[in-house]
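Written out below as structure tokens is the structure these notes cover.
There are 2 protein chains.
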Amino acid sequence: MKITGIIAEYNPFHNGHAYQIAKIKEETDSDYVIVAMSGDFVQRGEPAITDKYERARMALSCGADLVLELPALFACASAEYFARAGVALFTRMGCIDYLCFGAENADLSQLNKIAGILADEPRSYQDALNRYLKEGKNFPAARILALKSYLSAESSDAALQTEQLTSLLSTPNNILGIEYLKALKTCGSQITPYPILREGAGYHDTDILLKNASASAIRQTLKQAGSSGSSSGSAPDFASFSAAMPQEAFQIFSEYLASSTYLEADDFSGILNYLLLFYPAEALACFADCNIEIANRLKKNRSAFSSFTQFAALNQSRDITYARMSRIFTHILLHMTAEDYKQAKQLGYVPYLRPLGFKKSSSDVLGEIKKHTDIPLIGKLANARQTLSDDAFWLLEKDIFAADLYEQVLAQKNRTIPRNEYTREIVLL
Amino acid sequence: MKITGIIAEYNPFHNGHAYQIAKIKEETDSDYVIVAMSGDFVQRGEPAITDKYERARMALSCGADLVLELPALFACASAEYFARAGVALFTRMGCIDYLCFGAENADLSQLNKIAGILADEPRSYQDALNRYLKEGKNFPAARILALKSYLSAESSDAALQTEQLTSLLSTPNNILGIEYLKALKTCGSQITPYPILREGAGYHDTDILLKNASASAIRQTLKQAGSSGSSSGSAPDFASFSAAMPQEAFQIFSEYLASSTYLEADDFSGILNYLLLFYPAEALACFADCNIEIANRLKKNRSAFSSFTQFAALNQSRDITYARMSRIFTHILLHMTAEDYKQAKQLGYVPYLRPLGFKKSSSDVLGEIKKHTDIPLIGKLANARQTLSDDAFWLLEKDIFAADLYEQVLAQKNRTIPRNEYTREIVLL
Chain C
1 MKITGIIAEY NPFHNGHAYQ IAKIKEETDS DYVIVAMSGD FVQRGEPAIT DKYERARMAL
61 SCGADLVLEL PALFACASAE YFARAGVALF TRMGCIDYLC FGAENADLSQ LNKIAGILAD
121 EPRSYQDALN RYLKEGKNFP AARILALKSY LSAESSDAAL QTEQLTSLLS TPNNILGIEY
181 LKALKTCGSQ ITPYPILREG AGYHDTDILL KNASASAIRQ TLKQAGSSGS SSGSAPDFAS
241 FSAAMPQEAF QIFSEYLASS TYLEADDFSG ILNYLLLFYP AEALACFADC NIEIANRLKK
301 NRSAFSSFTQ FAALNQSRDI TYARMSRIFT HILLHMTAED YKQAKQLGYV PYLRPLGFKK
361 SSSDVLGEIK KHTDIPLIGK LANARQTLSD DAFWLLEKDI FAADLYEQVL AQKNRTIPRN
421 EYTREIVLL
Chain S
430 MKITGIIAEY NPFHNGHAYQ IAKIKEETDS DYVIVAMSGD FVQRGEPAIT DKYERARMAL
490 SCGADLVLEL PALFACASAE YFARAGVALF TRMGCIDYLC FGAENADLSQ LNKIAGILAD
550 EPRSYQDALN RYLKEGKNFP AARILALKSY LSAESSDAAL QTEQLTSLLS TPNNILGIEY
610 LKALKTCGSQ ITPYPILREG AGYHDTDILL KNASASAIRQ TLKQAGSSGS SSGSAPDFAS
670 FSAAMPQEAF QIFSEYLASS TYLEADDFSG ILNYLLLFYP AEALACFADC NIEIANRLKK
730 NRSAFSSFTQ FAALNQSRDI TYARMSRIFT HILLHMTAED YKQAKQLGYV PYLRPLGFKK
790 SSSDVLGEIK KHTDIPLIGK LANARQTLSD DAFWLLEKDI FAADLYEQVL AQKNRTIPRN
850 EYTREIVLL
């Protein structure tokens with residue numbers, strides 16, 4: 001039995017995602033594709049466009065066999081933690097053959113070379129990185145410069161001392177890909193990395209562009225449709241992004257949007273504003289990705305708060321990206337501290353497997369996992385307190401809190417009754 | 430120099446309040462009237478209709494000479510704590526002659542008799558009270574029944590064994606009055622209690638009724654005016670309550686309402702809902718007026734939450750009044766625990782005097798207070814950290830938090846920039 005793992009957000013699921021699943025099955029002859037998917041909050045530090053069950057349903061309807069939830073703590077973390085947790089999850093399953101990921105550049109040797117440097121962190125690379133950070137560069141920019149400087153000192157590798165390095169490190173897919181490779185190295189995983197080149201990238205024909213729209217382009221289209229309506233709550237123009245999604249996923253997505261509004265970061269503005277007032281700077285500094293300088297700045301600027309996204313943009317700076325600021329806000333909302341990350345790391349990142357959904361026809365893959373894994377597979381959430389260690393349950397509670405908060409704010413916006421995470425059904429297709 | 434103290438909310442200031450100030454000055458020949466007023470959250474567990482500075486301005490423009498803030502911890506507490514703190518504040522000033530309060534029944538001897546029983550809590554009264562509480566009566570109801578049962582056993586006092594007792598204990602003014610008398614006894618205060626009969630009570634002529642409308646009737650009128658408008662944010666019909674307020678107070682109130690919206694408890698719904706999700710039942714149980722049974726009920730009912738007031742009404746019960754539930758919610762929002770009350774009690778309830786405003790022409794009363802008081806008078810808030818003990822500053826920080834939260838939610842609603850409590854000016858008239 002050959003099994004491939006994919007770490008994803010599917011926010012929402014689109015043609016590129018379907019292509020990746022089809023391609024990996026075809027190229028590696030995989031019997032099953034298992035997805036480790038973020039829950040209701042995503043890596044950018046925002047609520048997902050639909051809840052995790054809907055996103056799991058889209059994935060299952062378009063080729064995935066099983067969708068597991070990536071713990072919330074890591075789903076809205078920096079790329080390094082996000083990738084590390086995803087790789088840990090697949091490695092601990094004990095039966096995954098390939099880790100498939102999208103890349104703008106599928107040259108595995110180049111990606112691996114960079115991952116090797118980042119995993120080993122040779123002294124001269126570290127020195128260069130610290131120098132650029134001290135100069136006030138943000139982390140992604142400083143890392144590119146430090147890699148360049150390290151590689152240019154290695155005369156043997158002129159091939160990477162070019163513009164190519166910048167482009168290699170400037171796309172989210174490649175950055176994540178390199179983090180996956182780094183994580184596989186670091187935890188000595190037996191899983192084979194399998195990058196797949198994004199289809200259609202480079203083409204400029206409008207139709208192709210639409211067919212290959214990214215998840216963020218789809219979200220953007222949706223938001224523009226929502227805000228351009230003359231009255232509040234007008235139905236978004238579904239047709240404008242139907243071409244970008246597989247038919248089955250589009251069906252699920254449009255039905256969801258017809259029956260429910262979708263959440264945006266700004267729906268959490270009031271709560272965030274309260275918490276920024278409530279916590280003293282010293283407490284804010286303890287949340288993951290924050291520090292005392294940022295905390296003091298947030299306190300100082302508080303009177304200029306008008307919304308989550310406006311305040312994230314206001315407080316970003318040369319050395320703090322918007323995404324980091326947005327993640328800090330989400331860590332505050334979800335109460336995720338730097339200490340929590342340390343603790344979860346000690347638990348091996350992912351101390352449980354939690355299915356969000358699976359295809360009935362693929363149910364024997366669950367048996368295969370149970371045979372090989374060293375961590376519990378959560379069936380009914382209500383039984384988790386009995387079957388998990390206290391430590392593991394502590395991490396699971398963060399997933400439950402994130403899901404309940406998402407539901408609560410969504411229900412307030414929809415004027416419906418929030419569903420309780422404990423009583424929601426796993427998606428069976 | 431004769432000085433009278435009044436404990437008040439002025440939410441908003443109306444004819445009855447003006448009458449009380451004029452009457453006490455006239456009857457006692459007082460030189461100055463000092464008001465201990467709640468800040469931005471009031472005893473019912475709700476935000477005040479206008480912020481505390483506006484309410485202080487109304488009072489000063491209608492006869493008060495100095496307005497001090499009652500610490501937020503006690504301003505939104507049960508009648509007992511509210512009264513106790515107000516009496517402590519005036520007693521610690523060391524120069525107050527009279528404590529004036531409104532009453533439906535100005536027979537001091539009757540009020541005093543009841544206050545005496547409540548202060549001493551004789552065994553048979555206690556037994557009766559506990560019996561009624563165990564039967565599931567709420568506290569106010571159980572107290573009336575216990576007093577009746579105690580007094581009926583005292584055959585000498587047939588006068589109070591009537592309907593009169595119920596009516597005596599059924600109006601908020603009398604209940605507070607009795608609490609003031611009880612507090613004066615308990616803390617051995619030298620201040621003379623001075624009840625003033627509410628003017629106009631009992632008259633049914635419409636004009637008189639309007640002229641004697643209560644603060645809650647004015648708030649009700651305002652809310653009805655607000656919700657009956659065809660479009661959102663239509664200006665309330667000021668004329669409908671102008672007759673109930675002195676000209677000067679009406680002027681200030683209507684100018685405020687023309688430039689700003691007003692806050693209601695439901696403006697805090699989103700934050701409250703978050704906090705009810707965030708805190709485990711054990712933590713909710715620690716907030717003042719709450720307990721583990723109530724906390725469990727709040728957690729259990731959480732999915733039926735749609736707003737602050739709806740959820741307070743939903744969770745009230747035979748033994749828990751709406752006002753108590755609303756106060757619990759405000760304690761959660763303002764993070765006021767049962768432990769905080771204990772700690773503040775040990776500080777002598779009110780460990781500082783904080784003027785919200787005063788009449789320039791009455792400024793020598795400040796000198797008189799400074800001469801007699803044993804607690805610091807806060808001039809500039811920015812200097813308070815230096816002049817107050819750590820304990821006292823801890824209590825003051827709760828006032829600052831309450832004010833900043835009020836401002837923040839108001840500013841979000843008004844789409845303006847919130848004012849910072851540290852930079853607001855004391856009202857000088």
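These protein sequence lines are chains C and S, in that order.
Every letter in the first sequence is one number past the one before it in the numbering used here, and letter 211, counting from 1, is 211.
Every letter in the second sequence is one number past the one before it in the numbering used here, and letter 165, counting from 1, is 594.
From the three backbone atoms N, C-alpha and C, an ideal C-beta is built for every residue, glycine too.
If you're wondering where the values come from, they're calculated on a predicted model, not measured in any experiment.
query: Are the Cβ atoms of S/F679 and S/S689 separated by less than 8 angstroms?
result: The count along the second sequence starts at 1 and reaches residue 679 of chain S at position 250. The count along the second sequence starts at 1 and reaches residue 689 of chain S at position 260. Not a contact, by the Cβ cut-off of 8 angstroms.
query: When the Cα atoms are used, what is the spatial distance from S/A437 to S/E677?
result: Translated into the one-based positions of the second sequence, residue 437 of chain S becomes position 8. Translated into the one-based positions of the second sequence, residue 677 of chain S becomes position 248. So the two alpha carbons sit approximately 18 angstroms from each other.
Where the segment 402-422 of chain C meets chain S: residues whose CB sits under 7 angstroms from a CB there: D404, L405, Q408, Q412, I417, P418, N420
- prompt: Taking buried to mean at least 16 other C-beta atoms within 10 Å of its own C-beta, is S/A582 buried or exposed?
  reply: Residue mapping note: residue 582 of chain S aligns to position 153 of the second sequence, counting from 1. Its Cβ having fewer than 16 others within 10 Å, S/A582 is exposed.
query: Roughly how many angstroms separate the alpha carbons of C/Y262 and C/Q220, rounded to a whole number?
result: On the first sequence, position 262 is the one that residue 262 of chain C refers to. On the first sequence, position 220 is the one that residue 220 of chain C refers to. The alpha-carbon atoms of C/Y262 and C/Q220 are separated by roughly 13 angstroms.
query: Can you find a CB in chain C that lies within less than 8 angstroms of the CB of S/G474?
result: For the purposes of this step, residue 474 of chain S is identified with residue 45 of the second sequence, where counting begins at 1. No - not a single Cβ of chain C is within 8 angstroms of the one on S/G474.
Cβ of S/G468 within 8 angstroms of any chain C Cβ: In the second sequence, counting from the first residue as 1, residue 468 of chain S sits at position 39. No, S/G468 does not count as interfacial toward chain C.
query: Can you round the beta-carbon distance between S/V462 and S/T433 to whole angstroms, since I take them to be within the 8 angstroms contact cut?
result: Position 33 of the second sequence holds residue 462 of chain S. Position 4 of the second sequence holds residue 433 of chain S. That pair is a contact at about 5 angstroms.
message: What residue range does the alpha helix (DSSP H) around S/L499 cover?
response: Here residue 499 of chain S corresponds to residue number 70 of the second sequence, with the count starting at 1. Counting along the chain, S/L499 falls outside any alpha helix (DSSP H), though it belongs to the beta strand (DSSP E) covering 495-499.
message: Can you check whether the C-beta of C/Y274 is within less than 8 angstroms of a C-beta belonging to chain S?
response: As a position in the first sequence, residue 274 of chain C is number 274, starting the count at 1. Output row for C/Y274: interface = yes.
- prompt: Can you list the alpha helix (DSSP H) stretches of 4 or more residues lying completely in the segment 437-489 of chain S, in chain order?
  reply: 444-457
Separation of C/H335 from C/G136, as counted between CA atoms: Here the question's residue 136 of chain C lines up with position 136 in the first sequence. Here the question's residue 335 of chain C lines up with position 335 in the first sequence. So the two alpha carbons sit approximately 28 angstroms from each other.
- prompt: Which class does S/G777 belong to by DSSP, given the choice of helix, strand or coil?
  reply: Position 348 of the second sequence, counted from the first residue, corresponds to residue 777 of chain S. S/G777: coil per DSSP, three-state reduction.
task: Scan the segment 512-586 of chain S and note each continuous beta strand (DSSP E) run of 3 residues or more that stays entirely inside, going in chain order.
output: 527-532
query: How is S/P601 classed by DSSP in three states: helix, strand or coil?
result: Here residue 601 of chain S corresponds to residue number 172 of the second sequence, with the count starting at 1. In the structure shown, S/P601 sits in a helix (DSSP, three-state: H, G or I).
message: Assuming contact is defined by CB atoms lying nearer than 8 angstroms, are C/Y150 and C/S124 in contact in what I supplied?
response: To locate residue 150 of chain C, count along the first sequence from 1; it is residue 150. To locate residue 124 of chain C, count along the first sequence from 1; it is residue 124. Yes, the Cβ-Cβ distance between C/Y150 and C/S124 is below 8 angstroms.
- request: Report the three-state DSSP secondary structure of S/F734 (helix, strand or coil).
  value: As a first step, residue 734 of chain S must be located in the second sequence, where it is residue number 305. Three-state DSSP puts S/F734 in coil, outside helix and strand.
task: Pick out the complete alpha helix (DSSP H) segments inside the segment 286-346 of chain C, 4 residues or longer, and give them in chain order.
output: 292-301, 308-315, 322-333, 338-346
Nearest to S/D526 (by Cα), restricted to the options S/D695, S/N534, S/V516: Stepping through the second sequence from its first residue, residue 526 of chain S is reached at position 97. For S/D526, the nearest C-alpha among the options comes from S/V516.
message: Quick check on C/H372: buried or exposed, where buried means 16 or more other Cβ atoms within 10 Å of its Cβ?
response: Here residue 372 of chain C is taken as the residue at index 372 of the first sequence, counted from 1. Per the 10 Å Cβ criterion, exposed.
Under 8 angstroms between C-beta atoms of C/K315 and C/R297: As a first step, residue 315 of chain C is located in the first sequence; it is residue number 315 there, counting from the start. As a first step, residue 297 of chain C is located in the first sequence; it is residue number 297 there, counting from the start. It is Asn, not Lys, that sits at residue 315 of chain C in the sequence shown. Taking 8 angstroms as the Cβ cut-off, C/N315 and C/R297 qualify as a contacting pair.
query: By the 10 Å Cβ neighbour count, where 16 or more other Cβ atoms means buried, how is C/P418 classified, buried or exposed?
result: Here residue 418 of chain C refers to the residue found at position 418 when the first sequence is read from its first residue. Answer is buried; the Cβ neighbour count reaches 16.
Proximity test, Cβ basis, 8 angstroms: C/S149 and chain S: Taking the first sequence and counting its residues from 1, one reaches residue 149 of chain C at position 149. Chain S contact via Cβ: absent.
message: With a threshold of 8 angstroms between beta carbons, is S/S683 in contact with chain C?
response: Working through the second sequence from its first residue, we reach residue 683 of chain S at position 254. No, S/S683 does not count as interfacial toward chain C.
message: Is there a Cβ of chain C sitting closer than 8 angstroms to that of S/L497, yes or no?
response: As a working mapping, residue 497 of chain S is identified with position 68 in the second sequence. Judged by the 8 angstroms Cβ criterion, S/L497 is not in contact with chain C.
message: What residue range does the beta strand (DSSP E) around C/T373 cover?
response: The residue you call residue 373 of chain C lines up with position 373 of the first sequence. That residue, C/T373, is in no beta strand (DSSP E); it is neither H nor E in DSSP.
message: DSSP three-state label for C/L377, please.
response: Looking up residue 377 of chain C in the first sequence gives position 377. Strand at C/L377.
message: Against chain S, does C/I271 count as a neighbour if the rule is that its beta carbon must be under 8 angstroms from one of theirs?
response: Counted from its first residue, the first sequence places residue 271 of chain C at position 271. With 8 angstroms as the cut-off, C/I271 counts as an interface residue toward chain S.
- request: Starting from S/A733, find everything on chain C with Cβ-Cβ shorter than 9 angstroms and list it in chain order.
  value: Indexing the second sequence from 1 puts residue 733 of chain S at position 304. Result: I417.
- prompt: Is C/E407 buried or exposed, if buried means 16 or more other CB atoms sit within 10 Å of its CB?
  reply: Here the question's residue 407 of chain C lines up with position 407 in the first sequence. With 16 or more other Cβ atoms within 10 Å, it is buried.
query: When the cut-off is 8 angstroms and only beta carbons count, does S/L597 lie next to chain C?
result: To locate residue 597 of chain S, count along the second sequence from 1; it is residue 168. False, the Cβ-Cβ gap to chain C never drops below 8 angstroms.
task: Pull up the distance between the alpha-carbon of C/L111 and that of C/G177, whole angstroms please.
output: Locating residue 111 of chain C in the first sequence gives position 111, counting from the first residue. Locating residue 177 of chain C in the first sequence gives position 177, counting from the first residue. Computed Cα separation, rounded: 8 angstroms.
message: Please classify S/N440 as buried or exposed, where buried requires at least 16 other C-beta atoms within 10 Å of its C-beta.
response: Position 11 of the second sequence, counted from the start, is the residue given in the question as residue 440 of chain S. S/N440 should be labelled buried.
message: Counting only Cβ-Cβ distances shorter than 8 angstroms, please list the residues of the segment 702-726 of chain S near chain C, keeping chain order.
response: N702, Y703, L706, F707
For S/A832 and S/S735, the rounded distance between their alpha carbons: The count along the second sequence starts at 1 and reaches residue 735 of chain S at position 306. The count along the second sequence starts at 1 and reaches residue 832 of chain S at position 403. Going by the C-alpha atoms only, they are around 25 angstroms apart.
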